[in-house]
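S.K.: Take this structure first; my questions come after.
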Amino acid sequence: MQKTKSYTVDQAQFLLERYCIYQDRCHIEVEKKLKTLNIITEAQEIIIIHLIQNDFLNEERFAKSFVRGKFNIKKWGKYKIKNELKFRQISAYNIKTAMNEIDDEVYTETIKKLVVKKAATLSEENIFIKKKKILNFLLQKGYEFKDVITLVNQNL
């Protein structure tokens, strides 16, 4: 029989503060972490309120950070980013605010660069098959069809 470690509210609060300092977190991630620590529901609520009041847990900051990271590092498109934020139960207002972190010109340039980069990796001779593969690649990354189709046709 395995013993589970138990934490006081103060100990759990300290652990969650460190957890939130290391990286911006959403409410869902914090709730999951609290469940893994086997914290009772009443204590979870106290800890979450403490984290919010002391700005360890901030949904808007998380959403903005998430958008910047997924776009700048992973090169995800707006559609995929929005869906991931919805999955994490971020409010519509915070999603809209966070999406403003992506500059439209930079977004278009990123799509162009991805088109050129992907085209260079394909040895396909048939231009239609090549375009389809690039289109599928960009749609999978979450870019909007209308933006992708225009830029694929312009840059190939």
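Take 108 as the starting number for the sequence shown in the numbering used here and just add one per residue.
Glycine included, C-beta positions come from ideal geometry on N, C-alpha and C.
In whole angstroms, give me the CA-to-CA distance for Val223 and Leu263.
M.R.: 8 Å
S.K.: Go ahead and pull the three-state DSSP assignment for Lys140.
M.R.: helix
S.K.: Where does Tyr200 sit, in a helix, a strand or coil, going by DSSP?
M.R.: helix
S.K.: If distances are taken between C-alpha atoms only, which option among Gln130, Leu246, Val137 and Tyr200 comes closest to Ala119?
M.R.: Val137
S.K.: Please list the terminal residues of the continuous alpha helix (DSSP H) segment that includes Gln127.
M.R.: Per the sequence shown, residue 127 should be read as Cys rather than Gln. Taken as a continuous stretch (DSSP letters only), the alpha helix (DSSP H) holding Cys127 covers Val116 to Tyr129.
S.K.: Candidates Gly249, Thr115, Glu231 and Asp162: which alpha carbon is nearest Cys127's?
M.R.: Asp162
S.K.: Rounding to the nearest angstrom, what Cα-Cα distance links Lys220 and Ala150 in this structure?
M.R.: 49 Å
S.K.: Could you give the DSSP three-state label for Arg132: helix, strand or coil?
M.R.: coil
S.K.: Between the stretch 142-149 and the stretch 206-221, can you find at least three pairs of beta-carbon atoms closer than 8 Å?
M.R.: Flag = no, the stretch 206-221 and the stretch 142-149 do not touch.
S.K.: Keeping to the same chain, check which residues put their C-beta closer than 7 Å to that of His157; ignore five residues upstream and five downstream.
M.R.: Gln120
S.K.: Helix, strand or coil, according to DSSP, for Lys181 in the structure here?
M.R.: coil
S.K.: What is the DSSP secondary structure of Asn145, reduced to helix, strand or coil?
M.R.: coil
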